[in-house]
Each structure stands twice: as structure tokens, then as C-alpha cells.
């Protein structure tokens, strides 16, 4: 799960890079090079020289594997894997390799909620307590003011997660007052979506979002097929470990077989009932449960890039697109973080030297990811990694592709 931490770059100050933030448009930076026998649509700034040096950078940073996908002109134009799925087995990463996405799960869920709003099924400004009474009962009366808009803009006042059994759900400020990153809020809204739709969350997301958007390999529940397609994650400078959700997912399917109820059809109550058997050390709070709107998505870089298209201006929108007014609403700052960064609905927003980007990061401790896009120019990219040192590499790839550094990297 993503932790709201800010990484310090003291010895590696990026002040010089910020002086050059007035850059050409992202679409020109990501333009295709001359046609060749291979990598015909490779983005221009991701030069052959840079890609040839990338494995050495990964080695020095202890990042065994990454996957990159690029959006340009309203389509996914290029995707490629580098390195290995596991430092032990040495199986290569390719464009079809599945990575845990951590908090990149959140924008996909935000899209689902906003589609529900477009269909008249949910009011972003109606208190969630009106949809799901007593699910998150707090003595603090402010808990009854929390709305879907507060959740998607991380302004509920709820903490990120409860990690100890005796941790109480608390509200630190009035909903809507300011920014406060909260996975708990997303799980609360997940339960509301389950109630409104009448479907188990993972099944709803698969039926209404993932499959229609061309993300058939993606899932909010770990799938057995990921045994052969998924990465191991890595810690302690290259030690391969199974991800939190892979370990739990395998046990989840064992319980599902015993119950004769597929895991994708589990509701919150099923998952909570199974958790003591899946993880005897479970703390009783949502942080350990899957499916989890806040962080349990598994996907490929190319499939995630297909989703990112739905946030961008498209010349030929279809029935799967949000209403244009709703799509634009995602990218309007709701809460300010600092002079360069704000939060919209489901996405972080970056504004610097006249440039406007939407972005999100994922931090699963032993795996990291980052997605960034320019909605007006239908350009962007996503980088998935399988290491606790993933940011050292994804920052270099994104900076190379866009031609400059990003304020978001100094904040996450």
C-alpha cells in the first residue's frame, strides 16, 4: 500500500533542472523517430543510447525489472519490458508481464466512480453515510459529512491506514478543509460502490471497467495466472520476495475453493470473514484486505496506459468515456498541496512553468510505479518496477521522456 512520505533528495538537488521547466510540448518530445526494423514507434527522447544504458542504471539501483508504456496522439504507441521478473529465476520482463500497481489502483477506481456519477447512480456531494449507514460509525459527527468528492480529492480527514489492532478510525480535520492522503477513505467508498451496484467490487470493476477498457489481464484480486506472468518484488538491494497481495491472494483462492465461491465474487463481508484464515496476523482493518480500491490492482504497463487515455482529450470519444465535463472535473484542483502541486478527483495535478500534468504514484514498499500525462495533448507514460528502489529508475525514465524533472518527484 502507498505510504504518504516525502523522499529527501539532499545530496542530489534538482534545482538546476527546475530552472529548465519551460519545455516543449510533451507530444513533440514523445514523437516517433524514423522508421526502423525494431522499435518503430519508440518515443524520440527515449533514444537508443538511453535504452542501451538503462539496464546498467537498473543494475546500479538494484531494480531487477521495469515495464514502460507510452501514450501519444490518443493511443498507446510503445511498450516494452526491461530486466527480469525475479533476480533469482532471471525470467525476462516483457510487455505482457503483470506488476502490482499499488496506489495506481486509485485513479482507475476514481474513473469507475465518476462513470457511476455520469449514469446518475451516485452523487459526489451526498454524504457516504446516507448510502451506507453505520459502516463507519464514529463519535465525531464530522464522519457523517464525508462525501465521494472528499474521498477522491483526499480531503476526508481520515488517516491513511490503521496498522495496529487498537488503532481507532479518526478524523483530523473538517472534511474538505485540506489535503490528507487516505487509503481508508478509498476503502469506505469501495463499500459504497458495492452497495450501490449490488455487485462484489472486483467483479464490478472487471465487468464495468477493466474488460471494456482493454485491461482483460488486470484485476483487483490476485489471479492464479499471475504465477507465470507476474513479477516477484525485491527488497534489501535485490532480494526477491513475493508481494503482499500475491501471498494473500494465493491463500484467498484456497479459501475460495473450500467455500466454492470464486474470489472475484467476494464482497467485503466475505473478505473480512476469510482474513483470519488468510493472514493470522491480520489487524482487523481494511489495510490487509483484497480486493482493495486503494492498492490491490495488478496490471501491465500497456493496459494501464490504455486506461490513461480516458483522462485525455480524444477526438472520437465513445460510450466508455466520461462526459467531457466530468473528465475535466477530474483535473481541476480541489485541494492545494504547494505552489506546484494540487489534487483533483483521483489524480495528483502538477503545474510548473505553464505546464499541466496529471499524475499518480504507487509505493508498495518492495515495488513502485508512476504514471504521468498531459491531458490536453493526449500524451503520457507509465513505468512499473519490481523493487524498493524503483523511484531511482522511474524518475530517470520519465525525465528522459518528457525532457525535464517534475515537482511531484520531490514530494512523494
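Numbering (my numbering), first residue to last: 2 to 413.
Don't be surprised by glycine CBs; every beta carbon is placed ideally from N, CA and C.
- request: Would you mind sorting residue 166 into buried or exposed? The rule is 16 or more other CB atoms within 10 Å of its CB.
  value: exposed
query: Just the Cα atoms here: how many angstroms apart are residue 158 and residue 337?
result: Approximately 15 Å, taken between the alpha carbons.
message: Would residue 67 and residue 385 qualify as a contact pair, given that the criterion is a beta-carbon distance under 8 Å?
response: Result yes, Cβ atoms of residue 67 and residue 385 sit closer than 8 Å.
message: I'd like the span of the beta strand (DSSP E) that includes residue 380, first residue to last.
response: 380-386
message: Taking 8 Å as the threshold (C-beta atoms), are residue 294 and residue 132 in contact?
response: no
- prompt: Between 382, 138, 256 and 332, which lies nearest to residue 78 when the distance is taken from Cα to Cα?
  reply: 382
task: Output the distance between the C-alpha atoms of residue 343 and residue 259, rounded to the nearest integer angstrom.
output: 46 Å
message: Let's test the definition: count the other Cβ atoms within 10 Å of the Cβ of residue 307 and tell me whether it reaches 16, buried, or not, exposed.
response: Counting C-beta atoms within 10 angstroms of its own C-beta, residue 307 has 16 or more neighbours from the protein chains shown and is therefore classed as buried.
message: On a Cα-Cα basis, can you pick out the residue from 411, 392, 410 and 409 that is closest to residue 61?
response: When only C-alpha atoms are compared, the closest one is 392.
- prompt: Run through DSSP, which three-state label would residue 392 get?
  reply: helix
task: State the start and end residues of the unbroken beta strand (DSSP E) segment that holds residue 360.
output: Counting along the chain, residue 360 sits inside the beta strand (DSSP E) bounded by residues 356-364.
query: In three-state terms, what does DSSP make of residue 149?
result: helix
Assigned secondary structure, residue 174 (DSSP; H/G/I helix, E/B strand, else coil): coil
- request: Counting only the same chain and skipping the five closest in sequence on each side, list residues whose C-beta sits under 8 Å from that of residue 85.
  value: 65, 66, 91, 92, 93 and 94
Residues near residue 153 in its chain [Cβ-Cβ closer than 7 Å; skip 5 each side]: 111, 114, 346 and 347
- prompt: How about residue 241 and residue 87: are their beta carbons less than 8 Å apart?
  reply: yes
- prompt: Which of helix, strand or coil does DSSP assign to residue 369?
  reply: Residue 369 sits in a strand when the DSSP states are folded into three classes.
message: Bridge partners for residue 342 per DSSP, in chain order?
response: 351
- prompt: Nearest-angstrom Cα distance between residue 411 and residue 395?
  reply: 13 Å
query: Looking only at its own chain, which residues have a Cβ that is under 7 Å from the Cβ of residue 137, when we skip the five neighbours before and after it?
result: Cβ within range, chain order: 144, 170 and 189.
message: Once the 5 residues before and after residue 409 are set aside, which same chain residues still bring their CB inside 7 Å of it?
response: 342, 349, 351 and 360
query: Can you tell me where the beta strand (DSSP E) with residue 69 in it begins and where it stops?
result: 66-73
task: Kindly indicate which three-state DSSP category residue 292 falls into: helix, strand or coil?
output: DSSP, read as helix, strand or coil, puts residue 292 in coil.
query: Between the segment 283-299 and the segment 208-224, do three or more beta carbon pairs fall short of 8 Å?
result: yes
- prompt: For residue 58, which option in 315, 217, 71 and 83 has the closest C-alpha, if you only look at C-alpha atoms?
  reply: 83
task: Specify the secondary structure class of residue 407 as computed by DSSP and reduced to three states.
output: coil
- prompt: At which residues does the beta strand (DSSP E) containing residue 229 begin and terminate?
  reply: In this chain, residue 229 is not harboured by any beta strand (DSSP E); it is covered by the alpha helix (DSSP H) spanning 227-230.
- prompt: Rounded C-beta distance between residue 407 and residue 373? I'm assuming under 8 Å.
  reply: 7 Å
field: 8 Å Cβ cutoff met for residue 265 and residue 203
entry: yes
task: Would you decide whether residue 108 is buried or exposed? Buried here means 16 or more other CB atoms lie within 10 Å of its CB.
output: buried
task: Return the chain-ordered list of same chain residues with a C-beta closer than 6 Å to the C-beta of residue 413, the five sequence neighbours on each side being excluded.
output: 362
- request: Could you please give the first and the last residue of the uninterrupted beta strand (DSSP E) stretch that includes residue 80?
  value: 76-84
field: Outcome for residue 365 when other beta-carbon atoms lying within 10 angstroms are tallied against a minimum of 16
entry: Buried, since its Cβ has 16 or more Cβ neighbours within 10 Å.
message: Considering just the uninterrupted stretch of the beta strand (DSSP E) at residue 238, what are its terminal residues?
response: Unbroken run through residue 238: none, as it is neither H nor E.
field: Candidates 273, 235, 278 and 270: closest to residue 255 by CA position
entry: 278
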